[in-house]
Amino acid sequence: MSRPLYAGEPCFARIDNFSGPCPGLRSGAPACRQCCPGAASRWPGEPQGVHRLASRAAARPSLDFLHALPKTDLHVHLDGSLRPSTILELARHRDTGYTFRTLDDVRAVCQVPEDCPSLVEYLRVFDITLKLMQTRESLVRVAYELAEDAHRENVRYMEVRYSPLLHLNEGLAYDEIVAAVQEGLELGRRQYGIVCGQIICGIRHISAASSLELAELAVRWKGRGVVGFDLAGAEKDYPAKDHIEACLYVLNNNINITIHAGEAFGAPSIHQALHYCRAHRIGHGTHLIEDTDLMAWVNDRRIPVELCLASNVQTKAIPDLQSHPIRRFMEEGLRVTLNTDNRLVSGTTVTNEFRLAVENYDLSEDEVLGLVMNGFKSAFLPLKDKTQLVDQALVEFASQGASFSGEISRRRRSQI
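For the sequence shown, the tail end lands on 398 under my numbering, and the numbers increase by one without skipping.
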């Protein structure tokens, strides 16, 4: 977009108290390159703050900036996101196999370090949390508290996933489980305004028959809180195509699908999720980097990839953050989103995921805003609702002095 300013067109950089015609006019340099290096050009009719904002884009976004941004969390597991204080309280009345006397005791057992040795060790925590989530009251509480925690870091839209199959031990029926989770999320919406949807998970390593039952459950709750269906669980030796009947049932009832793929197994797992089960989004997908042809196919169809930086390292989907393919994905133009996966187990938040991205991949402000917009665009929502969220986010960006230019804003909105 670089061009010389039109004659007399003012520079709004406001850098070093400069105001007036751009000195670039005298040298024939591109717009404002002399008075605000790195700034973008302003076409007629665009907001006057564009130069100032573009110059800020080169600076590393601060933690306060990341916290204040409106955000999404599209990949968060209910049973991996309990508060340590809730575990401490609920564990007094349940045998978890551990004795918790303090919050530090809980964190020592339920939050894994970056050098967690394996996915098996990571998943061990769920043996504890699931024992505490077998009653209606506990499910309502955990769902509500998750919505509250997300609201506190300005998450505006969240999709909470879990498998009702894992909450049957004390007599609850499938529909009672979904109703309890919905009650908690609805309490959060009424109190804080955060919009939440449920994603029902089939479990790869249990059975295809159970996945079909859960697909039927998702369809029963369509329009009443459930917005999607997922396949979670062990990838290796448990291919997604074994659950194709459940996926087709969901698709035939016009419900969106996201599938864990390319986390603990290679690109062929992603291929199956897309071409057999027809997933609309991919959970984790770090191994997509191994198949450039498939990556191009995903990119061409704007299929979102749900990345979770902290857990991708902890589960050994990648060896370390420096090895993560997010920067390559972004350079190729993939619709990448940042998510928590498990707030408790990974000891993370959406803000922290963005912090990790900024610090390890040198993201600019504009790149951060692009990732935020990807989250809203990728939501399993009707187009009208999604567009409303995008518009609200753009307004909030502007109120924080971090708006895209008028042209970019229109383009980003039109690409939903």
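By construction, the Cβ of each residue, glycine as well, lies at the ideal position given by its N, Cα and C atoms. Keep in mind it's a predicted model, so treat the numbers as computed, not measured.
Distance between Leu45 and Gln382 (C-alpha atoms, nearest Å):
As a working note, residue 382 is residue 400 in the sequence shown. As a working note, residue 45 is residue 63 in the sequence shown. The alpha-carbon separation between Gln382 and Leu45 amounts to approximately 14 Å.
Where Cys178 falls: helix, strand or coil (DSSP)
Here residue 178 corresponds to residue number 196 of the sequence shown, with the count starting at 1. For Cys178, the three-state secondary structure derived from DSSP is strand.
Along the beta strand (DSSP E) that carries Gly153, what are the first and last residues, could you check?
Residue mapping note: residue 153 aligns to position 171 of the sequence shown, counting from 1. Per DSSP, Gly153 lies in no beta strand (DSSP E) segment and is marked neither H nor E.
Can you name the start and end residues of the beta strand (DSSP E) that Tyr139 belongs to?
Indexing the sequence shown from 1 puts residue 139 at position 157. Here the beta strand (DSSP E) through Tyr139 covers 137 to 144.
Quick one: what does DSSP say Asp323 is sitting in, helix, strand or coil?
Position 341 of the sequence shown, counted from the first residue, corresponds to residue 323. DSSP places Asp323 in strand when its eight states are reduced to three.
Would DSSP call Asp273 helix, strand or coil?
The residue given as residue 273 occupies position 291 in the sequence shown. It is coil, neither helix nor strand.
How is Ala191 classed by DSSP in three states: helix, strand or coil?
Counted from its first residue, the sequence shown places residue 191 at position 209. Ala191: helix per DSSP, three-state reduction.
Report all residues from its chain with a CB closer than 7 Å to the CB of Tyr258; omit the five preceding and five following residues, and keep chain order.
Working through the sequence shown from its first residue, we reach residue 258 at position 276. Closer than 7 Å at Cβ, skipping near neighbours: Ala222, Lys223, Ile226.
For Tyr139, collect the residues of the same chain with a Cβ closer than 7 Å to its Cβ; drop the 5 residues on either side in sequence, then sort them by chain order.
Against the sequence shown, residue 139 aligns to sequence position 157. Thr54, Val177, Phe358, Ala361, Leu371, listed in sequence order.
Quick check on the DSSP output: the alpha helix (DSSP H) that includes Arg399 runs from which residue to which?
This structure gives no information on residue 399, because the portion of the chain shown stretches from -17 to 398.
Which term fits Thr111, buried or exposed, when burial requires 16 or more other beta carbons within 10 angstroms of its beta carbon?
Looking up residue 111 in the sequence shown gives position 129. Buried: at least 16 other Cβ atoms inside 10 Å.
Alpha carbon to alpha carbon, what distance is there between Tyr220 and Leu196?
Locating residue 196 in the sequence shown gives position 214, counting from the first residue. Locating residue 220 in the sequence shown gives position 238, counting from the first residue. Between Leu196 and Tyr220, the C-alpha separation is close to 17 Å.
CB-CB under 6 Å to Phe82, same chain, minus the five flanking residues each way: which ones, in chain order?
Residue mapping note: residue 82 aligns to position 100 of the sequence shown, counting from 1. Excluding residues within five positions, the ones whose Cβ falls inside 6 Å are Leu70, Ala73, Val88.
What are the partner residues of Ala243, as DSSP defines its beta bridges?
The sequence position of residue 243 within the sequence shown is 261, counting from 1. According to DSSP, which records beta bridges pairwise, Ala243 is partnered with His266.
Take Glu130 and list the residues in its own chain whose beta-carbon comes closer than 7 Å to its own, dropping the five residues that flank it on each side.
Within the sequence shown, the letter at position 148 stands for residue 130. Answer for Glu130: Gly170, Tyr174, listed in chain order.
Beta-carbon separation (whole angstroms), Asn281 vs Glu314, contact threshold 8 Å:
In the sequence shown, residue 281 corresponds to position 299, counting from 1. In the sequence shown, residue 314 corresponds to position 332, counting from 1. Confirmed, Cβ separation roughly 6 Å.
Give every residue of the same chain whose Cβ lies closer than 8 Å to the Cβ of Val332, excluding the five residues on either side of it in the sequence, and list them in chain order.
By 1-based counting over the sequence shown, the position of residue 332 is 350. Shown here for Val332: same chain residues with a beta carbon closer than 8 Å to its own, the five before and five after excluded, namely Lys53, Thr54, Asp55, Ala132, Glu135, Val137, Leu320, Asn321, Thr322 in chain order.
Taking 8 Å as the threshold, find out whether the region 187 to 194 comes into contact with the region 161 to 169 through three or more Cβ pairs.
The answer is no - the region 161 to 169 does not touch the region 187 to 194, with fewer than three Cβ pairs under 8 Å.
By the DSSP assignment, the alpha helix (DSSP H) with Ala90 in it spans what residues?
Taking the sequence shown and counting its residues from 1, the one referred to as residue 90 is at position 108. From DSSP, the alpha helix (DSSP H) with Ala90 extends over 85 to 92.
Could you have a look at His75 and say whether DSSP puts it in helix, strand or coil?
By one-based count along the sequence shown, residue 75 stands at place 93. In the structure shown, the three-state DSSP call for His75 is helix.
Quick one: give me the first and last residue of the alpha helix (DSSP H) that Ala255 is part of.
Here residue 255 refers to the residue found at position 273 of the sequence shown. Ala255 -> alpha helix (DSSP H) spans 249 to 257.
CA-to-CA distance, Ala125 to Ser145, given in whole angstroms:
To locate residue 145, count along the sequence shown from 1; it is residue 163. To locate residue 125, count along the sequence shown from 1; it is residue 143. About 13 Å.
Terminal residues of the continuous alpha helix (DSSP H) containing Thr111?
Walking along the sequence shown from the start, residue 111 turns up at place 129. Taken as a continuous stretch (DSSP letters only), the alpha helix (DSSP H) holding Thr111 covers 107 to 113.
Secondary structure at Cys290, three-state DSSP: helix, strand or coil?
Residue mapping note: residue 290 aligns to position 308 of the sequence shown, counting from 1. The three-state reading of DSSP puts Cys290 in coil, since its state is none of H, G, I, E or B.
Taking C-beta to C-beta, are Gly215 and Ile185 nearer than 7 Å?
Position 233 of the sequence shown, counting from 1, holds the residue named residue 215. Position 203 of the sequence shown, counting from 1, holds the residue named residue 185. Yes.
Within 10 angstroms of the Cβ of Thr330, are there 16 or more other Cβ atoms? Answer buried if so, exposed if not.
The residue you call residue 330 lines up with position 348 of the sequence shown. Thr330 should be labelled buried.
Taking the alpha carbon of Gly62 as the reference point, which residue from Asp86, Leu85, Cys92 has its own alpha carbon closest?
For the purposes of this step, residue 62 is identified with residue 80 of the sequence shown, where counting begins at 1. The shortest C-alpha separation from Gly62 is found at Cys92.
Compare the beta carbon distance of His207 and Thr240 with 7 Å and say whether it is the shorter of the two.
Reading the sequence shown from its first residue, position 225 is the one you call residue 207. Reading the sequence shown from its first residue, position 258 is the one you call residue 240. It is Gly, not His, that sits at residue 207 in the sequence shown. No, the Cβ-Cβ distance between Gly207 and Thr240 is not below 7 Å.
Nearest-angstrom Cα distance between His75 and Leu121?
Locating residue 75 in the sequence shown gives position 93, where the first residue counts as 1. Locating residue 121 in the sequence shown gives position 139, where the first residue counts as 1. In this model, His75 and Leu121 are separated by some 15 Å (Cα to Cα).
Assigned exposure category for Ser37 - 16 Cβ within 10 Å defines buried
Residue mapping note: residue 37 aligns to position 55 of the sequence shown, counting from 1. In this prediction, Ser37 has a pLDDT of 39, which is less than 50 and means its spatial position is unreliable; nothing more can be read from the coordinates.
With DSSP as the reference, please indicate the residues paired to Val201 in a beta bridge.
Locating residue 201 in the sequence shown gives position 219, counting from the first residue. Secondary-structure assignment with DSSP links Val201 through no beta bridge to anything.
Can you tell me where the beta strand (DSSP E) with Phe82 in it begins and where it stops?
Residue mapping note: residue 82 aligns to position 100 of the sequence shown, counting from 1. Where Phe82 is concerned, there is no enclosing beta strand (DSSP E), given that its DSSP letter is neither H nor E.
My understanding is that Gln374 touches Asn342, with C-beta atoms under 8 Å, so please give their C-beta distance in whole angstroms.
Position 392 of the sequence shown, counting from 1, holds the residue named residue 374. Position 360 of the sequence shown, counting from 1, holds the residue named residue 342. The Cβ separation is near 29 Å, so there is no contact.
Of all Cβ atoms in chain D, is any one closer than 7 Å to the Cβ of Val137?
No chain D appears in this structure, which consists of one protein chain only.
So Ala380 is in the beta strand (DSSP E); what residue range does that whole segment cover?
Position 398 of the sequence shown, counted from the first residue, corresponds to residue 380. Not the beta strand (DSSP E): Ala380 falls in the alpha helix (DSSP H), residues 365 to 381.
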